[in-house]
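Worksheet for the structure shown next.
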Amino acid sequence: MPRIEVHKDHCKGCGLCIDICPPGVIEMSKEINKLGYHPAKYKGEGCTGCTLCFYTCPEPDAIVVYRKD
Ligand code: SF4
Ligand code: SF4
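Residues -12 to 56, numbered by the working numbering, are exactly what the sequence shown covers, in order.
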């Protein structure tokens, strides 16, 4: 199944990926990362591999999309 990984210490918590994700499978983590932000995190299921989050994220290394296992 498609999935994403958020590299939490590269995320600045802008929320753009959360707003753009069609199935709504990204949320804000309650934890604080090394930059002092609440990072985005994958809810764990439902990703379609559309890559919208990847192309929307302003931080180059924050999101990786795996379209296949
Ligand atoms: S690849 Fe698409 S469906 Fe998967 S988390 Fe990103 S925006 Fe959502
Ligand atoms: S778009 Fe990128 S920087 Fe913004 S919350 Fe999502 S992963 Fe973090």
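Here a beta-carbon is modelled for each residue, glycine too, at the ideal position from N, C-alpha and C.
All values reported here derive from a predicted model rather than from experimental measurement.
| task | Measure the alpha-carbon distance for R54 versus T35 and round it to whole angstroms. | result | The sequence position of residue 54 within the sequence shown is 67, counting from 1. The sequence position of residue 35 within the sequence shown is 48, counting from 1. Each residue's alpha carbon lies about 8 Å from the other.
| field | Beta-carbon contacts of T43 that lie in its chain and below 7 Å, excluding the five residues immediately before and after | value | Numbered from its first residue, the sequence shown carries residue 43 at position 56. Counting only Cβ-Cβ distances below 7 Å, and skipping sequence neighbours, we find L3, C4 and I7.
| request: Could you pull the start and end residues of the alpha helix (DSSP H) that I(-9) belongs to? | output: Reading the sequence shown from its first residue, position 4 is the one you call residue -9. No alpha helix (DSSP H) contains I(-9), which is instead part of the beta strand (DSSP E) from R(-10) to V(-7).
| task | Give a single yes or no on whether I(-9) has its beta carbon closer than 7 Å to a heavy atom of ligand 1. | result | Counted from its first residue, the sequence shown places residue -9 at position 4. At least one heavy atom of ligand 1 is nearer than 7 Å to the Cβ of I(-9), so yes.
| task | Would you tell me roughly how many angstroms separate the C-alpha atoms of D20 and F41, rounded to the nearest one? | result | To locate residue 20, count along the sequence shown from 1; it is residue 33. To locate residue 41, count along the sequence shown from 1; it is residue 54. Going by the sequence as given, residue 20 is Asn instead of Asp. C-alpha separation (whole angstroms): 19 Å.
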